[in-house]
Amino acid sequence: MSFLDVMNVYPLIGVLLFIVLSPLVGGIIFGIDRIITARMQGRVGPPVLQPLYDIFKLFEKEKMVIHESQNFWIFGYLIFMIITGALFFGGSDILLVIFALTLAHVALILGAFSSGSPYAHIGAERELIQLMAVEPMIIIAAVGFYEVTGSFNTLDIISSGSPLILVLPGIFIGFVYILTVKLRKSPFDISTSHHAHQELVRGLNTEFAGSTLGMVELAHLYETAILLGFIFLFFGLAAPIIGLIVVALIYLIEIFVDNATSRVKWGLMFKSCWIVTAVLGVVNLMALYLI
Amino acid sequence: MESIIFLILFPLFAGVIMLALPNGRGRDSFVNFAGVVTCIGSLYLLYEYFGKGAQFFFVDGTFIDPLITVAEIAIGLFIIGMSLKFRKYLIAVLAACQMALITYTDVVFEPSHYAGYDLFIDEFSLIMTVIIGVIGSLICIYATGYMKTYQEHHKDVKDKRPLFFFLMFLFLSAMFGIVFSNNIMWLFLFWEITTLCSFLLIAYAGDEISWKNGFWALLLNVIGGVAFAGGIFFINAFSSGSDIYLNELLTSSPGIALVAATFIGFAGLTKSAQFPFSSWLVGAMVAPTPVSALLHSSTMVKAGVYVIVRFAPVFEANLIGIAFAFIGAITFLTASAIAISQSNAKKVLAYSTIANLGLVVACAGIGTEEAVWAAILLIIFHAVAKSLLFLSVGSVENQKHSKDIEDMGGLIAAMPKVALMMLIGMAGMFLAPFGMLISKWASIHAFVNAIPPFGMLLIAIIAYGSGITVFFWTKWMGRILEVRTEREPLETEASKPEMRAILTLGALTVLACLIFPLISYTMIEPYTHTIYNSVSPLLSLSNEIIMLFMVVVVILLPVSLFHFAKGRTLRRQYMGARVSEVSGEHLRFLGSMGVMKEAELSNYYFEGIFGEEKLNRAGVLSTILIIVMLFALVSWFVPLEVIM
Amino acid sequence: MAYITKSPWIIHYDASSCNGCDIEVLACLTPLYDIERFGIINTGNPKHADVFLVTGGVNEQNRPVIKNIYRQMPKPNVVVAIGACALSGGVFRECYNIAGGVDKLIPVDVYVPGCSAKPEAIIDGVVKALGILEKKREAMKKEAGN
Ligand code: SF4
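Right under this line is the structure:
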């Protein structure tokens, strides 16, 4: 039985694999990320599993909150991130995936807002700007998939006959551009950053302590798996090996950009995302009619 | 049929009686009674005609048709009189034009002698009936409590409450008339009544700005009225006659149907406050909140989109439809963007209404089956969620004496019930498993198949617009949730009738999200299937299950609060560790010279990027351009038909 | 083994030191010492931190700050006092506004002497603190069990 048959018969397998494996895979990716970053700075860096240790540790700590309802939002964030991934890897409608992803982020932002802290407030506002900046590109990418494959279902998209990147190069580049925002990588890590632990205190994450922060980090691992899966869709099962290589390459480039650039102001981030979406995404979409 | 006529006439008579009743308990209970009867009446209608498909009724017109002509002339004269009195000559001229057109049509073509069904009902009308009946009467009930407080707070406003309630109920009756009329001449009369009522309600406060905005609304709607009258004139002059009946018109030759649809659709654009006519709806904010709620959710603007959606099949796959779709899409994008820069809660709601109606118009302009399906869902969800939001904001305004979003910080602590309802309403407006998002999802599905390159451009507009929507709703939600210090909840959040209406609407919003597959299956799909002669279900079962699953998750999530409330250590916000945790002076910063400064939080508004004036200008100009092109396109069709 | 020892995040506060010790603390982050090898991250937020590094002799202005930071750190947490000043006030001991040691205000778990303390000593101190952290974690678990 080929991979596709398996997925058709048991979409649950994809979902289960996602739920179990992506924290591990995401953790290892982040660990490698940290090691490479360290090497680029002439350091040795932490163990590969360090991001997972961090999360485990956070769950060991005292549960400290500002008020009780704060954790509720973050729990919602985690749950909806998992649902998003389950929908994505379960082969369902990609627009639903995108909307569920938005819902998850809104929950995170509301959690930050509800703390009532000035630092978290600024972080939440900035996260919102990021959300607004990337949303058009993601929807356009989904529509691009539809235009080529005739279906919104991720299962149909991934099993398309030829790699989608051949006809969607603009959308691909545009998506990689906003990926920087989504992965919270410099120069677009404006709401909260992996490196800058002291700037605006921690932005969005300032008021999340212990297991709350652990849930945020865990959800971020899930999100990374979803985003990289999204990139893989551009290649699909028509060119799986190349797809995996490109996904790895893209992530390496992100690490490089992360280390080589300094943060920009939100205005530049926001405007450039929208312009890239318009120039690469929309034009690519229109060009599909000419081909 | 009796129940239909009852629904049209009962609010009218009830309104007339209210005109005679003095302020006080008696009138309030009568308003409640009339509201409940209207509500039950519309539900009974649902029960009576549920699953029966389209039904047409013949009414003996010998007596009614002259009455309608007289009523139309009376309304025209009243408008002319008012505008002359206030020296608004342009309105007078336009109203005179419109009256002349209609009278000429009546006298020369005698449309009344055609035999046809004057009234009808189908699933779409039924949906509209329930929206008008339930939400409209809830708003009227809310108004009894609200207006009392309003008059107490606004001593300078003359107490014209009998007139107010008369107009509210007249409005409902006219709306019922619109959705039941098969005869376009009748439809036009009810249409004019809504124009008139909205004008008088907007100007209720009677001060200068109210009159000004009232007349502005009147002007734009009269422009639409002229177009409507022009459309009626066209149908009578150039077609076989029986086309003045909606069901005939929709199936008549594309020349007639399309031209008529363009004219009447144009009128719909003015009424549903699409760009370039959107300004009247924003101006209408000067009216008391129940009026805004009524105008925005169940009446007026819904009348506008109702006719456009009715004509949607005519728009399918042609450039005129695309032009409408673009007006709608541009309205969606521009109005959402303007909403970002507004801090006045009612204005944000107004712009979001305009935006959502834009989405409806865009769907109707595409005119495919899926698009119409999405449009009707949008109408339903928008009606419940928006009325809920308006009423909640109205109650907050009565308590806090401010409708500024910045003043709503930590509302969840001060007014938990109302704030929770607001959150439900907002979630309903843009979040995933809830209503509007399903419709947005459906509309993207519908647009991908629209005429190429236009479909893609529309999608791009929707994609940007949806990012913007997320922004302005979330920041408002955040503001409500942002509890900075412990605060005691208010003793009473709102008067009893207000609370009753708000809670009911909140429950309805959740209910609509839960049973929307049922609504779709039993009402919307039968409607689209008859119109488009198809059988395919529009929403695949698996997606339905996913959405329902998500709704259930959202509803169950609060249960986790019980877990999270236990065993937590409570600590204050981190303030650079400068301020003592223990002495309650948290949320301050140490300024220079040892002065403690209170931390002020406020949202981003991006005046520079999303400034109201700038975007309004862009939206108005681009849509005017499209309207010019629209009529240029239509003129292609007219001569052909006339020659033939 | 508790994971807390594998990922101790620190917060560093300068309680009116001469900046000598602070520079040494930051030197630990440099490629030469690279404390990230041990999973250590220098956070700027007590709510995320496990280890509290304090330098300096604590003057009047610093007192409430130190207390607040300590209070906002979720348990289990440890305090490491770095440099002669943080231990006892050091050369500033006799100043009118100096508390003379961090342990006058909050319980200190590890004392790292030196003027200034060497980076190696600081790393040693933090590693020593890890053992204490683990013990505190066990105690916490037991308490939760009861
Ligand atoms: S111990 Fe020495 S180097 Fe460190 S802060 Fe005190 S005086 Fe400066």
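These protein sequence lines map, in sequence, to chains H, D and W. Quick note on numbering: this note's numbering labels position 244 of the first sequence as 866, and the sequence is numbered without any gaps. Quick note on numbering: this note's numbering labels position 331 of the second sequence as 356, and the sequence is numbered without any gaps. Quick note on numbering: this note's numbering labels position 124 of the third sequence as 1494, and the sequence is numbered without any gaps. Built from N, CA and C at the ideal position, the CB exists for glycine as well.
Any chain H beta carbon closer than 8 Å to residue i
i	result
W:LYS1512	no
D:GLY383	no
D:ILE668	Because D:ILE668 sits at a pLDDT of 44, beneath the cut-off of 50, its placement in the model cannot be relied upon, and the following sentence gives the value as read from the coordinates. Closer than 8 Å: no.
D:ARG603	no
D:ILE580	no
D:ARG593	yes
W:ALA1372	yes
W:LYS1376	yes
D:TYR599	yes
D:ILE477	The sequence shown places Pro at residue 477 of chain D, not Ile. Output row for D:PRO477: interface = yes.
D:SER647	no
D:TRP466	yes
D:MET447	no
Cutoff 8 Å: residue i Cβ touching any chain W Cβ
i	result
D:SER596	Before going further, note that residue 596 of chain D is Arg rather than Ser in the sequence given. For D:ARG596, the answer is yes, since a Cβ of chain W falls inside 8 Å of its Cβ.
D:TYR629	no
H:THR929	Outside the shown range of chain H (623 to 913) lies residue 929 of chain H, about which nothing can therefore be said.
H:LYS683	yes
H:ARG824	yes
H:LYS679	yes
Residues that residue i contacts on chain W, provided the C-beta gap is smaller than 9 Å
i	result
D:TYR69	Per Cβ cutoff of 9 Å: no residues; D:TYR69 is ~59 Å from chain W at best.
Under 8 Å from the C-beta of residue i: neighbouring residues of chain H
i	result
D:PRO679	As displayed, chain D neither begins before 26 nor continues past 669, which places residue 679 of chain D out of reach and without an answer.
W:ARG1433	In chain order: nothing, as chain H lies at least about 21 Å away.
D:PHE643	Per the sequence shown, residue 643 of chain D should be read as Ala rather than Phe. Ordered by position in chain H, no residue passes the 8 Å Cβ test against D:ALA643, which lies about 15 Å from the chain.
D:ASN568	SER714, ASP715 and LEU718
Closer than 7 Å at the beta carbon, the chain H residues around residue i
i	result
D:ARG509	GLY738
Exposure label - residue i; buried when at least 16 CB within 10 Å
i	result
D:ARG186	buried
W:PHE1462	buried
H:HIS842	buried
H:VAL901	exposed
D:VAL132	exposed
D:ALA45	exposed
D:ALA99	exposed
W:GLN1431	exposed
H:MET623	Because H:MET623 sits at a pLDDT of 43, beneath the cut-off of 50, its placement in the model cannot be relied upon, and the point is left open.
Within chain D, the residues that residue i reaches when beta carbons sit closer than 8 Å
i	result
H:GLY648	Here the premise fails: no neighbours, minimum Cβ distance about 22 Å.
Under 9 Å by beta carbon: chain C residues contacting residue i
i	result
W:ALA1509	The structure shown has no chain C; the protein chains it does contain are H, D and W.
C-beta neighbour in chain D for residue i, strict 8 Å
i	result
W:PRO1416	yes
H:VAL901	no
H:TYR911	yes
H:TYR768	yes
H:TYR873	no
Beta-carbon neighbours of residue i, restricted to chain D and to distances below 7 Å
i	result
H:PHE735	GLY503, LEU506 and GLU507
Per-residue contacts from residue i into chain W (C-beta, under 7 Å)
i	result
H:MET686	LYS1417 and PRO1444
Quiz item: Three or more beta-carbon pairs under 8 Å between the stretch 27-42 of chain D and the stretch 198-210 of chain D, yes or no?
Solution: yes
Quiz item: Which of the residues in the stretch 1386-1408 of chain W, read from start to end, lie with their CB under 7 Å from any CB of chain H?
Solution: PRO1401, ASP1404, GLU1406 and ARG1407
Quiz item: At a Cβ cut of 9 Å, what residues of the stretch 1437-1465 of chain W count as close to chain H, listed as they run along the chain?
Solution: GLN1442, MET1443, PRO1444, LYS1445, PRO1446 and ASN1447
Quiz item: What residues in the stretch 486-498 of chain D bring their beta carbon closer than 7 Å to a beta carbon of chain H?
Solution: ALA488, TYR489, SER491, GLY492, ILE493, VAL495 and PHE496
Quiz item: Name the residues in the stretch 659-675 of chain H whose C-beta lies less than 8 Å from a C-beta of chain W; which are they?
Solution: ALA660, GLN663, GLY664, ARG665, VAL666, GLY667, PRO668, PRO669, GLN672 and TYR675
Quiz item: For the stretch 710-730 of chain H, which residues have a beta carbon sitting closer than 8 Å to at least one beta carbon of chain D?
Solution: SER714, ASP715, LEU717, LEU718, PHE721, ALA722, THR724, LEU725 and VAL728
Quiz item: Quick check: the stretch 684-701 of chain H against the stretch 585-602 of chain D, are there 3 or more CB pairs under 8 Å?
Solution: yes
Exercise. Evaluate contact between the stretch 425-438 of chain D and the stretch 496-509 of chain D, counting only Cβ atoms and requiring at least three cross-stretch pairs below 8 Å.
Key: yes
Self-check item: Cβ-based contacts, 9 Å cut-off: residues of the stretch 743-755 of chain H near chain W
Solution: none
Exercise. Using a Cβ-Cβ cut-off of less than 7 Å, list which residues of the stretch 831-848 of chain H approach chain W; keep chain order.
Key: ALA831, GLY832 and LEU835
Self-check item: Contact between the stretch 662-673 of chain H and the stretch 1402-1420 of chain W (3+ Cβ pairs under 8 Å)
Solution: yes
Quiz item: Any contact of the stretch 707-722 of chain H with the stretch 767-780 of chain H, i.e. 3+ C-beta pairs under 8 Å?
Solution: yes
Exercise. Would you check if the stretch 537-554 of chain D and the stretch 144-158 of chain D touch, i.e. whether three or more CB-CB distances between them fall below 8 Å?
Key: yes
Quiz item: Are the stretch 440-454 of chain D and the stretch 413-423 of chain D touching, with three or more C-beta to C-beta distances below 8 Å?
Solution: yes
Practice problem: Would you be able to state if there are at least three C-beta pairs under 8 Å between the stretch 754-769 of chain H and the stretch 859-877 of chain H? | Solution: no
Practice problem: Check distances from the C-beta atoms of the stretch 337-350 of chain D to those of chain H and list, in chain order, the residues that come in under 9 Å. | Solution: none
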